[in-house]
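So the structure is just underneath, and the comments pick up after that.
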Amino acid sequence: MAQATGQPDAVIQVQTIPLHRRVRAGLVVLKRAPLIPMIILGVLLIFVAFAPLVATHDPVQNDIMNNLAPPSIANFLGTDQLGRDVYSRIVYGSRISLALSLLVIAIGGGAGIILGTVTGYLGGRADALVQRAVEAVLALPLILVALSFVFTFGFSFWNVVMILCPFVAARFARIVRGETLSTRERDYVALAKVIGAPTHRIVLKHILPNVFNTVVVISTLEVGHIILVESSLSFLGVGIPPPKPAWGLMVAEGRQFITSAYWISLFPGLAIMATVLSLNLFGDWLRDTMDPRRREL
Amino acid sequence: MGRYVANRIAQSLVNILFITVLVFLLARATGDPADVFIDDSLPPEAAEAFRVRLGLDQPIYVQYWVFIKDLSRGDLGDSVRGHRPVTEMLVERLPATFSLALVAMGIAMVMGIPLGVLSAVYRGTVIDRAAKIVAFLGQSTPSFWLGIMLMLFFGVFFFQQGLPSLPISGRGGAATYILPSFTMGWFVVAGLVRLTRSSMLDVLDSDYVTMARAKGLNEKVVIWKHALRNAMIPVLTYSGLILGGFMNGSVVVEQVFAWPGVGRMALTAVSGRDYPVVQGVVIMIGVFYIVINLLVDILYVMIDPRIKYSNS
Chain R
52 MAQATGQPDA VIQVQTIPLH RRVRAGLVVL KRAPLIPMII LGVLLIFVAF APLVATHDPV
112 QNDIMNNLAP PSIANFLGTD QLGRDVYSRI VYGSRISLAL SLLVIAIGGG AGIILGTVTG
172 YLGGRADALV QRAVEAVLAL PLILVALSFV FTFGFSFWNV VMILCPFVAA RFARIVRGET
232 LSTRERDYVA LAKVIGAPTH RIVLKHILPN VFNTVVVIST LEVGHIILVE SSLSFLGVGI
292 PPPKPAWGLM VAEGRQFITS AYWISLFPGL AIMATVLSLN LFGDWLRDTM DPRRREL
Chain S
44 MGRYVANRIA QSLVNILFIT VLVFLLARAT GDPADVFIDD SLPPEAAEAF RVRLGLDQPI
104 YVQYWVFIKD LSRGDLGDSV RGHRPVTEML VERLPATFSL ALVAMGIAMV MGIPLGVLSA
164 VYRGTVIDRA AKIVAFLGQS TPSFWLGIML MLFFGVFFFQ QGLPSLPISG RGGAATYILP
224 SFTMGWFVVA GLVRLTRSSM LDVLDSDYVT MARAKGLNEK VVIWKHALRN AMIPVLTYSG
284 LILGGFMNGS VVVEQVFAWP GVGRMALTAV SGRDYPVVQG VVIMIGVFYI VINLLVDILY
344 VMIDPRIKYS NS
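The listed protein sequences derive, respectively, from chains R and S.
Residues 52 to 348 (my numbering) are what the first sequence spells out, left to right.
Residues 44 to 355 (my numbering) are what the second sequence spells out, left to right.
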C-alpha cells in the first residue's frame, strides 16, 4: 500500500493528544458551564436512566378511585383523571422525549451532516440540487405538514420521528454546508488535495473534524427544538399516542380539568419548559465556548 | 440584484411545486382516495363509475396535472364533510387567523424592540441580562401550555377572585384577542430582542451616531431616532418572516383558545377524515409563507443597498 496517498498523509499527521488528557481538559471546561441548566439536565438524565427506581408509581396504571387527587405525600404532583401519578408519568415521559430527540438527531442530523459536508465540499450540480431541496423543506409549514402526514399514516412514535427527520436534516445540512464552504478554502485542505488524498479522506479527516464543534452546538439546540415540536404535536393529538406519558399529551389531557385539577397540565408543561430552557442555555454556553466565531456580540 | 431576485423567484416556485407534490402524494400514499367515499355495499360498477368521475382511473401524472390546473384557478376541491368548496371555507376562516397573527406580531414588536434597544444601550448591565432571560424564556415556553396557564390565571383565577377576568375562548371583541395573541407573540419576542440588540450594537458603533453625539444632540434623540431607524431594517424584514411563522403556529394557539381560524379547521378536518380541507390549508399557508419570505428578501435588498448577495 505504498501509494502516493498513504505516505504524504503520514507526513502531515499532527501529533494527537492522548484521550485521557482530552477528557480531563473537557471536564475542566465543563466545570465552568452554567450551573442551573446543568443540574436540571442532570436530573433529567437520572430520570431517563433510572426511571423505574425514581418513579413512585406505574406510569400507565389507572387508579380510578384516586383520580384528580391534589399533590400530596403519596402523589408528589397529584394524580390525573384516571388516577395515574403525574410525577411518575413525568419521570417516564423524559424517556420518550429523549429517545425521540436522539433518534431524530441521529437519523436526520446524521443525514444532514453527510449532505452538508459532501455537497459543500464537492460543489457543482449536486450541491445546487441539495441546496434547492433544503430550501424547499425549510419552507414547509411543519405542523401542518405533520397533520397531513398523520392523516395518511396514522400517528405513532415512529411517524413523529419520520416527520421530524427531514426538517432536522435540512437545518443541519444548511449550517454544516456553510461551515464546510469556509473550511474548504483552508490551506491544509488544499495541501491534502495537492498530495492526492481522495475525496472521502479529505471529507472525513479534514472537513468533518472542523465542523464537529458546530455540530455539537446545533445538536444541543436542536434537541430543545425537537422536544418543543414533538410536545406540540402530542398536544394536538397527532404525536405520541396515549396512554404513553408524553409530556405534551399530558398537558392536553389535563386541559379539560384545568379549573379543578391544575396540576395535571401545569407540571408536565414546566418539565418541557425547564428542559428546553436548560438545553438552550447550555447550547448557548457551548457555542460561546467551542465556537467563538458564532458568538453573539 | 436582478439576478438575485430572479433566483429567489425561481426557488420560491420550486418550493411551491414541492408542497403541491407532497400533499398530492400524501393523499394517495395509502391507496385509493376513493375508498373514503365508497361503501363496501356499493356495486363494483358504481364504484368504478365514481372513480372515473373523480378521474382516479387516469395515470398518476395526469391526475397531478388536473390537480395543478384546478389549483391555479383557486379550486381546492370540495370538503368531504361540508360538501362545499374548500376555497370558500378558507376565505371564511382566514380573517380570524390573519387578524390574530397581526395583533400577535404587534404585541411581539411592542415587547421585543424596546427591550432589544435597551439591552444594547445598557449592554452588560442588569437590563441586558433581564432581556436575555426574557428571550430565553420566550424560546423555551411551549405555547400550548402558556396559553392554558394564562387562561387559568387571567380567566379562571381572576374570575374566582371577583377580579375583572379575560375571555378565554372564541373570537369576539378586542378583549378576546388579548390572551391568544400574547401566547402567540411571546414565542417570537426572543428573536426580536436578540436581533434588535445586535442590530443596535452595530449601528451604535457607526460614524453617524458618533457624529450625532458630537453635535451635542440629546442622547435619547440619538438612540431612539438616529440609531433605531437604521437598526430597524433587519428587524422589520424579520417581522415579515414572523408573520409567516404565525400562520404555521396558528394550529396550536387556535386549538387552545377555540379560535375559529384555518388552523383549527385543519385539525378538525384531520379527525373528521376530510383530506381536501387539510390539503387546502397546507397549500394555502405554505404558499403564503413562501411568498412572504420572497417579498421580505426582495424588500431587503431594495431597502438596504449595502447588502450584496452572492448567487451561490
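Note that the Cβ used here is the ideal one computed from N, Cα and C, for glycine as well.
Spell out whether any CB of chain R is found under 7 Å from the CB atom of residue i.
i: glycine 315(S); result: no
i: glutamine 182(S); result: yes
i: phenylalanine 187(S); result: yes
i: glycine 159(S); result: no
i: asparagine 354(S); result: In this predicted model, asparagine 354(S) has a pLDDT of only 41, less than 50, meaning its place in the structure is not dependable enough to derive any value.
i: asparagine 273(S); result: no
i: glycine 215(S); result: no
i: glutamine 54(S); result: yes
i: alanine 89(S); result: no
i: tyrosine 332(S); result: yes
i: phenylalanine 179(S); result: yes
i: asparagine 58(S); result: yes
i: isoleucine 326(S); result: no
i: alanine 72(S); result: yes
i: asparagine 261(S); result: no
i: glycine 149(S); result: no
i: asparagine 291(S); result: yes
i: phenylalanine 230(S); result: no
Return yes when the Cβ of residue j is within less than 7 Å of the Cβ of residue i, no when it is not.
i: valine 219(R); j: glycine 290(R); result: no
i: isoleucine 170(S); j: leucine 161(S); result: yes
i: leucine 166(R); j: valine 188(R); result: no
i: valine 111(R); j: proline 294(R); result: yes
i: leucine 154(R); j: valine 212(R); result: yes
i: threonine 203(R); j: leucine 60(S); result: no
i: leucine 284(S); j: valine 294(S); result: no
i: serine 249(S); j: proline 277(S); result: no
i: glycine 304(S); j: arginine 136(S); result: yes
i: methionine 148(S); j: leucine 235(S); result: no
i: alanine 218(S); j: proline 207(S); result: no
i: tyrosine 143(R); j: alanine 102(R); result: yes
i: valine 262(R); j: glutamate 230(R); result: yes
i: alanine 312(S); j: valine 325(S); result: no
i: glycine 315(S); j: arginine 124(S); result: yes
Taking 6 Å as the cut-off, is the CB of residue i close to at least one heavy atom of the ligand FMN?
i: aspartate 113(S); result: Summarising the ligand content, the structure contains no ligands, and the ligand FMN is consequently not present.
At a Cβ threshold of 7 Å, is residue i touching chain S?
i: leucine 166(R); result: no
i: phenylalanine 286(R); result: yes
i: serine 283(R); result: yes
i: serine 123(R); result: no
i: serine 139(R); result: no
i: asparagine 353(R); result: What the structure shows of chain R is the stretch from 52 to 348, and residue 353(R) is not part of that stretch, so it cannot be assessed.
i: phenylalanine 202(R); result: yes
i: leucine 348(R); result: Any answer about leucine 348(R) is weak, because its pLDDT of 40 lies below 50 and its placement is not dependable; what the coordinates show is given next. Chain S, which has a Cβ nearer than 7 Å to the Cβ of leucine 348(R), makes this yes.
i: glutamine 58(R); result: Low confidence applies here, because glutamine 58(R) scores a pLDDT of 49, under 50, leaving its location unreliable and the question unanswered by this model.
i: valine 99(R); result: no
i: serine 199(R); result: yes
i: glutamine 54(R); result: Confidence is the limiting factor: at glutamine 54(R) the pLDDT is only 47, short of 50, which leaves the residue's position unreliable, though a coordinate-based value still follows. Not one chain S Cβ lies under 7 Å of glutamine 54(R).
i: valine 227(R); result: no
i: valine 211(R); result: no
i: valine 111(R); result: no
i: valine 302(R); result: yes
What whole-angstrom Cβ distance do residue i and residue j have, given they're in contact under 8 Å?
i: isoleucine 323(R); j: isoleucine 277(R); result: Actually they are not in contact, since the Cβ atoms of isoleucine 323(R) and isoleucine 277(R) sit about 12 Å apart, beyond 8 Å.
i: valine 302(R); j: serine 316(R); result: 5 Å
i: phenylalanine 187(S); j: serine 283(R); result: 6 Å
i: glycine 329(S); j: isoleucine 62(S); result: 4 Å
i: arginine 338(R); j: valine 268(R); result: 5 Å
i: tryptophan 302(S); j: leucine 143(S); result: 6 Å
i: aspartate 131(R); j: glutamate 304(R); result: 6 Å
i: glycine 195(S); j: isoleucine 309(R); result: Checking the displayed sequence, the identity of residue 195(S) turns out to be leucine instead of glycine. With 8 Å as the limit, leucine 195(S) and isoleucine 309(R) qualify as a contact, their Cβ atoms being about 5 Å apart.
i: serine 122(S); j: proline 319(S); result: 6 Å
Could you list the residues in the stretch 304-329 of chain R with a C-beta less than 9 Å from some C-beta on chain S, going in chain order? Gly305, Arg306, Ile309, Thr310, Tyr313, Ser316, Leu317, Pro319, Gly320, Leu321, Ile323, Met324, Ala325, Thr326, Val327, Leu328 and Ser329
Every unbroken alpha helix (DSSP H) within the stretch 83-156 of chain S, with a cutoff of 4 residues, ordered by chain: 87-97 and 103-115
**Item:** the stretch 174-197 of chain R: positions lying closer than 7 Å to chain S by Cβ
**Value:** Arg183, Glu186, Ala187, Ala190, Leu191, Pro192, Leu193, Ile194, Leu195 and Val196
Task: Complete runs of the beta strand (DSSP E) confined to the stretch 182-227 of chain S [at least 3 residues] - done: none
Open item on the list: By the 7 Å beta-carbon criterion, what residues does the stretch 299-312 of chain S contribute toward chain R?
Closed with: Ala309 and Leu310
Exercise for review: Closer than 7 Å, Cβ to Cβ, to anything on chain S: give me those residues from the stretch 237-259 of chain R, in chain order.
Suggested key: none
Tell me which residues of the stretch 267-281 of chain R have at least one Cβ-Cβ distance to chain S shorter than 8 Å, keeping chain order.
Gly275 and Leu279
Mind listing which residues of the stretch 197-226 of chain S have their C-beta closer than 8 Å to chain R's C-betas, in chain order? Val199
- Message: Suppose only complete runs of 4+ residues qualify. What are the alpha helix (DSSP H) ranges in the stretch 85-156 of chain R, listed by chain order?
- Response: 86-100, 102-105 and 137-155
Which runs of the alpha helix (DSSP H) fall wholly inside the stretch 272-320 of chain R and span at least 4 residues, in chain order? 298-305
> In the stretch 219-305 of chain S, which residue ranges form an unbroken alpha helix (DSSP H) of at least 4 residues, counting only runs that do not cross its ends?
Replying inline: 250-257 and 271-299
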